[in-house]
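Everything on this sheet refers to the single structure shown next.
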Amino acid sequence: MARSTECIESAWVSAILMTSREIDAETAQLLQRYGFEDIPFESLRERLAQGQLGASQNRITGNVEPPDEGDLQALPPLGGDVRRALAERGEEAMRQGQVAAVILAGGMATRFGGVVKAAVEVLDGESFLELKLRDIAAVAKRADATIPVYLMTSFATDEAIRKMAEALSTERCPIKTFPQFISLRVTPEGELFKDSSGALSSHAPGHGDLTFALRRSGILKAFRDRGGRTLMMSNVDNLTATLDPAVIGTHLESGAALTAEMAPKEPGDKGGAPARVDGKPQIVEAFRFPEDFDQERIPVFNTNTFVLDAEAIDTEFPLTWFAVDKTVDGKPAVQFERLVGELTAFLQPAFLRVERHGPDARFQPIKTPDDVGKELPDIVKALKARGSL
């Protein structure tokens, strides 16, 4: 293929090519389209090559302790006066046009045949994304509100999800898409990684792109300019992470800039968890805890469902770039990622304990085809109880 210097007139591409002549025109165009210029790629791979990035450097510094008892608030049970009052607070915010939903839809379903995860059909011919949108539409109708939906895509899913969004957008739930960024995998020595075909290996650099990509797209500014105040973020494959007005109300009552849902741990669960670092509550990813810290001391973990204050996240956060080891085509590779949970290190968080079983369950992700048969019956019951099906 022709070298990118022959057909790409871009200063940042030229800068990259000063250190590598291996980026072809097609890859360069892909990088340019998805914001590679906003990734400090050269400095990251230099730090990796110098031994300044890696598993040991990923670990958090400071005094790490389990969260205080008062750091976790339980979502009030269904049917009670407190839950109803919180739901009314959330619905009023929706009627005022202050609430939008954000769905993370950048993933590929490698265990479902390597297709776009959001498009995988899971129930009666409806996809993950369609079921998520069905819930939001039902909530919007009950609240007599217009609730915008923002879908974060990746370079791998953007085209397909934009087509889905065009077909599924409605007046009550208008949909916009915005892509996260793109980066390139490298070798453990910091050189550009090539797959078994000899091609460079692109990747999306983690859901920590969220606030940066929202701002880059102009969506966050437009939302705030219309009076928007609150965003609820969830993963496309977690169908019971519904847009619950009571969760919105709980967040608003707390006064926190960010509310993160936490579910009880079960055997085999891995992920971030709430902790106190030098006395400050925040989410700490599992790989960041000190080696001698017993993570079983923390009985809950992060579900990656957040409620976010739109004004508070409209800034550039100094999120950490992590070097994450991967195996691609049987060879070791490294990719650079940042994680949305680290926002809690810079904002005032609240941690909301939620159920993961029964009618009020809010964490039942479907990661594999086996999960469909295992989790879907309970998911359907929960969604029917909420009026989402």
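Numbering of the sequence shown is given in this note's numbering, commencing with residue -19 and proceeding in unit increments. Note that beta-carbon positions come from the ideal geometry of N, C-alpha and C, so glycine has one too.
Helix, strand or coil at residue i according to DSSP, with G and I counted as helix
{"i": "residue 317", "result": "strand"}
{"i": "residue 111", "result": "helix"}
{"i": "residue 302", "result": "strand"}
{"i": "residue 62", "result": "helix"}
{"i": "residue 83", "result": "strand"}
{"i": "residue 92", "result": "helix"}
{"i": "residue 348", "result": "coil"}
{"i": "residue 327", "result": "coil"}
{"i": "residue 45", "result": "strand"}
{"i": "residue 137", "result": "coil"}
{"i": "residue 53", "result": "strand"}
{"i": "residue 341", "result": "strand"}
{"i": "residue 101", "result": "strand"}
{"i": "residue 244", "result": "strand"}
{"i": "residue 71", "result": "helix"}
{"i": "residue 296", "result": "coil"}
{"i": "residue 126", "result": "coil"}
{"i": "residue 366", "result": "coil"}
{"i": "residue 229", "result": "helix"}
{"i": "residue 78", "result": "coil"}
Residues near residue i in its chain [Cβ-Cβ closer than 6 Å; skip 5 each side]
{"i": "residue 321", "result": "252, 263, 282"}
{"i": "residue 16", "result": "162"}
{"i": "residue 267", "result": "38"}
{"i": "residue 91", "result": "348"}
{"i": "residue 301", "result": "24, 316, 318"}
{"i": "residue 153", "result": "116, 117, 120, 127, 129"}
{"i": "residue 136", "result": "88"}
{"i": "residue 443", "result": "The requested residue 443 is not part of the displayed model; the chain covers only -19 to 369."}
{"i": "residue 33", "result": "27, 303"}
Residues that residue i bridges to, as DSSP identifies them
{"i": "residue 334", "result": "Beta-bridge pairing links residue 334 to no other residue."}
{"i": "residue 263", "result": "254"}
{"i": "residue 287", "result": "212, 239"}
{"i": "residue 312", "result": "307"}
{"i": "residue 131", "result": "83, 157"}
{"i": "residue 273", "result": "For residue 273, which the question treats as bridged, DSSP gives no partner whatsoever."}
{"i": "residue 280", "result": "244"}
{"i": "residue 355", "result": "For residue 355, which the question treats as bridged, DSSP gives no partner whatsoever."}
{"i": "residue 322", "result": "In the DSSP output, where bridge partners are listed per residue, residue 322 has none listed."}
{"i": "residue 106", "result": "103"}
CB of residue i within 8 Å of CB of residue j, strictly
{"i": "residue 80", "j": "residue 203", "result": "yes"}
{"i": "residue 243", "j": "residue 343", "result": "yes"}
{"i": "residue 332", "j": "residue 226", "result": "no"}
{"i": "residue 118", "j": "residue 338", "result": "no"}
{"i": "residue 78", "j": "residue 330", "result": "no"}
{"i": "residue 317", "j": "residue 334", "result": "no"}
{"i": "residue 185", "j": "residue 19", "result": "yes"}
{"i": "residue 223", "j": "residue 116", "result": "yes"}
{"i": "residue 28", "j": "residue 215", "result": "no"}
{"i": "residue 374", "j": "residue 285", "result": "This structure does not reach residue 374, given that the chain is present from -19 up to 369, and the question cannot be answered."}
{"i": "residue 99", "j": "residue 144", "result": "yes"}
{"i": "residue 356", "j": "residue 363", "result": "no"}
{"i": "residue 47", "j": "residue 336", "result": "no"}
{"i": "residue 210", "j": "residue 297", "result": "no"}
{"i": "residue 220", "j": "residue 287", "result": "no"}
{"i": "residue 313", "j": "residue 181", "result": "yes"}
{"i": "residue 55", "j": "residue 324", "result": "no"}
Sequence-distant residues of its chain with Cβ nearer than 7 Å to residue i (five each side left out)
{"i": "residue 375", "result": "Coverage of the chain is limited to positions -19 through 369, which leaves residue 375 absent and any answer about it impossible."}
{"i": "residue 149", "result": "155"}
{"i": "residue 352", "result": "102, 346"}
{"i": "residue 245", "result": "279, 280, 281"}
{"i": "residue -19", "result": "Confidence is the limiting factor: at residue -19 the pLDDT is only 36, short of 50, which leaves the residue's position unreliable, though a coordinate-based value still follows. 4, 5, 6, listed in sequence order."}
{"i": "residue 277", "result": "46"}
Chain-order list of residues whose beta-carbon lies under 8 Å from that of residue i (same chain, five-residue window excluded)
{"i": "residue 207", "result": "76, 77, 78"}
{"i": "residue 309", "result": "175, 176"}
{"i": "residue 249", "result": "281"}
{"i": "residue 151", "result": "126"}
{"i": "residue 114", "result": "106, 368, 369"}
{"i": "residue 97", "result": "85, 87, 88, 89, 108, 137, 216, 217"}
{"i": "residue -1", "result": "Confidence is the limiting factor: at residue -1 the pLDDT is only 43, short of 50, which leaves the residue's position unreliable, though a coordinate-based value still follows. These residues qualify, in order along the chain: 22."}
is_contact[residue i, chain C] using C-beta, thresh 8 Å
{"i": "residue 343", "result": "Here there is only one protein chain, and chain C is not present."}
Check: residue i C-beta below 7 Å from any heavy atom of the ligand SAH
{"i": "residue 68", "result": "What this structure holds is no ligand at all, so the ligand SAH is not there to describe."}
For this session: Note down, one range per segment and in chain order, each alpha helix (DSSP H) of at least 4 residues found wholly within the segment 17 to 43.
Result: 21 to 29, 35 to 38
For this session: Jot down the residue ranges of each uninterrupted alpha helix (DSSP H) in the segment 149 to 224, minimum 4 residues, whole runs only, in chain order.
Result: Listed in chain order, they are 190 to 197, 199 to 205.
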